[in-house]
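**Student:** Per the working numbering, residue 212 is the first one in the sequence shown, and the count goes up by one each step.
Where a beta carbon is used, it is the ideal one built from N, C-alpha and C, also for glycine.
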Amino acid sequence: MIEGKRRTLKMKKLLFLVLTAVVLVSSSAWGFMDVVITDNTPFAYEKITVTTSSVSMLDKTYRDSARAIFLTVEDNSIRYRIDGGNATSSDGHLLSSSALQNLWLHDGWAIKNLRMIGIDGNATAIVTYYRTKR
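1. Determine the DSSP secondary structure at residue 219, reduced to helix, strand or coil.
2. Starting from residue 257, follow its DSSP beta bridges and name the residues at the other end.
3. Among residues of its own chain, excluding the 5 on either side of residue 259, which ones have a beta-carbon nearer than 6 Å to its beta-carbon?
4. Is it buried or exposed for residue 341, if we count other Cβ within 10 angstroms and need 16 for buried?
5. Secondary structure at residue 274, three-state DSSP: helix, strand or coil?
6. Can you pull the DSSP bridge partners for residue 267?
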(Lines of atoms letter the chains of each structure in order from A and count residues from 1; the text may use other names and numbers.)
(Lines give C-alpha, C1' and ligand atoms only; values in the text may rest on other atoms or scores of the structure.)
Protein backbone atom coordinates (compact mmCIF):
# COMPACT_ATOMS: atom_id res chain seq x y z
CA MET A 1 0.00 0.00 0.00
CA ILE A 2 2.85 2.40 0.80
CA GLU A 3 4.49 1.50 -2.52
CA GLY A 4 1.24 2.42 -4.33
CA LYS A 5 1.13 5.84 -2.62
CA ARG A 6 4.75 6.51 -3.58
CA ARG A 7 4.02 5.58 -7.19
CA THR A 8 0.97 7.87 -7.21
CA LEU A 9 3.03 10.73 -5.76
CA LYS A 10 5.75 10.21 -8.39
CA MET A 11 3.13 10.23 -11.16
CA LYS A 12 1.62 13.46 -9.80
CA LYS A 13 5.06 15.10 -9.69
CA LEU A 14 5.80 13.97 -13.24
CA LEU A 15 2.43 15.24 -14.48
CA PHE A 16 3.03 18.58 -12.75
CA LEU A 17 6.46 18.94 -14.39
CA VAL A 18 5.11 18.07 -17.84
CA LEU A 19 2.21 20.52 -17.54
CA THR A 20 4.52 23.26 -16.26
CA ALA A 21 6.87 22.72 -19.20
CA VAL A 22 3.99 22.90 -21.68
CA VAL A 23 2.72 26.15 -20.17
CA LEU A 24 6.17 27.74 -20.17
CA VAL A 25 6.97 26.72 -23.73
CA SER A 26 3.67 28.01 -25.09
CA SER A 27 3.47 31.09 -22.87
CA SER A 28 3.83 34.64 -24.06
CA ALA A 29 5.50 35.29 -20.70
CA TRP A 30 8.80 34.81 -22.50
CA GLY A 31 8.17 38.12 -24.27
CA PHE A 32 7.92 36.68 -27.77
CA MET A 33 4.86 37.39 -29.82
CA ASP A 34 3.95 37.11 -33.46
CA VAL A 35 3.76 40.37 -35.35
CA VAL A 36 1.73 40.42 -38.54
CA ILE A 37 2.87 42.94 -41.12
CA THR A 38 1.02 41.60 -44.17
CA ASP A 39 -0.39 45.01 -45.10
CA ASN A 40 2.94 46.82 -44.75
CA THR A 41 6.26 46.82 -46.54
CA PRO A 42 9.63 48.18 -45.33
CA PHE A 43 10.74 51.38 -47.05
CA ALA A 44 13.48 52.95 -44.90
CA TYR A 45 16.14 52.07 -42.35
CA GLU A 46 18.21 54.23 -40.04
CA LYS A 47 20.53 54.09 -37.06
CA ILE A 48 20.06 56.80 -34.46
CA THR A 49 22.49 57.68 -31.70
CA VAL A 50 20.37 58.13 -28.59
CA THR A 51 22.35 60.27 -26.16
CA THR A 52 22.01 60.73 -22.42
CA SER A 53 21.95 64.52 -22.75
CA SER A 54 19.10 65.20 -25.18
CA VAL A 55 15.89 63.60 -26.36
CA SER A 56 16.10 61.83 -29.72
CA MET A 57 13.33 61.60 -32.29
CA LEU A 58 12.92 59.66 -35.51
CA ASP A 59 13.82 61.24 -38.85
CA LYS A 60 10.94 63.55 -39.85
CA THR A 61 11.01 62.46 -43.50
CA TYR A 62 10.43 58.81 -42.58
CA ARG A 63 8.22 59.18 -39.51
CA ASP A 64 5.64 61.35 -41.27
CA SER A 65 4.84 58.62 -43.81
CA ALA A 66 5.42 55.53 -41.67
CA ARG A 67 2.52 53.26 -40.83
CA ALA A 68 4.64 51.11 -38.49
CA ILE A 69 8.19 50.88 -37.15
CA PHE A 70 10.37 48.12 -35.75
CA LEU A 71 13.05 49.37 -33.33
CA THR A 72 15.89 47.56 -31.58
CA VAL A 73 18.45 48.99 -29.17
CA GLU A 74 22.17 48.28 -28.91
CA ASP A 75 24.99 49.31 -26.57
CA ASN A 76 22.91 50.78 -23.70
CA SER A 77 19.31 50.84 -22.56
CA ILE A 78 16.91 53.68 -23.35
CA ARG A 79 13.68 55.12 -21.99
CA TYR A 80 10.97 56.25 -24.37
CA ARG A 81 7.59 57.95 -24.43
CA ILE A 82 5.01 57.98 -27.22
CA ASP A 83 2.59 60.55 -25.81
CA GLY A 84 4.60 63.58 -26.96
CA GLY A 85 6.29 64.14 -23.59
CA ASN A 86 10.04 63.97 -23.22
CA ALA A 87 11.54 60.83 -21.71
CA THR A 88 14.14 61.24 -18.98
CA SER A 89 16.67 58.83 -17.53
CA SER A 90 14.14 57.98 -14.80
CA ASP A 91 10.80 58.46 -16.58
CA GLY A 92 9.39 56.60 -19.55
CA HIS A 93 9.14 53.02 -20.72
CA LEU A 94 12.39 51.09 -20.36
CA LEU A 95 13.81 49.28 -23.39
CA SER A 96 16.82 47.23 -22.37
CA SER A 97 19.62 46.46 -24.80
CA SER A 98 20.54 43.32 -22.89
CA ALA A 99 17.08 41.72 -22.60
CA LEU A 100 16.46 40.93 -26.29
CA GLN A 101 13.68 43.50 -26.30
CA ASN A 102 12.36 45.41 -29.28
CA LEU A 103 9.58 47.85 -30.00
CA TRP A 104 6.86 47.68 -32.63
CA LEU A 105 4.68 50.75 -33.13
CA HIS A 106 1.65 50.51 -35.43
CA ASP A 107 0.21 53.98 -34.97
CA GLY A 108 1.23 57.07 -36.92
CA TRP A 109 0.61 59.43 -34.00
CA ALA A 110 2.75 57.31 -31.65
CA ILE A 111 5.52 57.12 -34.27
CA LYS A 112 5.55 60.91 -34.72
CA ASN A 113 5.63 61.43 -30.95
CA LEU A 114 8.29 58.85 -30.04
CA ARG A 115 10.91 60.44 -27.77
CA MET A 116 13.98 58.49 -26.56
CA ILE A 117 16.87 59.14 -24.18
CA GLY A 118 19.88 56.99 -23.31
CA ILE A 119 20.52 55.54 -19.87
CA ASP A 120 24.05 54.91 -18.55
CA GLY A 121 25.63 56.00 -21.83
CA ASN A 122 24.75 56.58 -25.46
CA ALA A 123 22.69 53.89 -27.19
CA THR A 124 22.07 53.03 -30.82
CA ALA A 125 18.47 52.70 -31.98
CA ILE A 126 18.05 50.74 -35.20
CA VAL A 127 14.76 51.48 -36.93
CA THR A 128 13.01 49.92 -39.91
CA TYR A 129 10.08 51.95 -41.24
CA TYR A 130 7.01 50.37 -42.85
CA ARG A 131 4.32 51.82 -45.09
CA THR A 132 1.19 50.47 -46.74
CA LYS A 133 1.85 48.08 -49.62
CA ARG A 134 1.14 49.65 -52.98
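**Tutor:** Put simply:
1. Helix, per DSSP.
2. DSSP, once it has assigned bridges, lists 338 as partnering residue 257.
3. Closer than 6 Å at the Cβ level, and outside the excluded window around residue 259, lie 267 and 336.
4. Around the Cβ of residue 341, a 10 Å sphere holds 16 or more other Cβ atoms; the residue is buried.
5. Helix at residue 274.
6. Per the DSSP secondary-structure output, residue 267 pairs in a beta bridge with 327.
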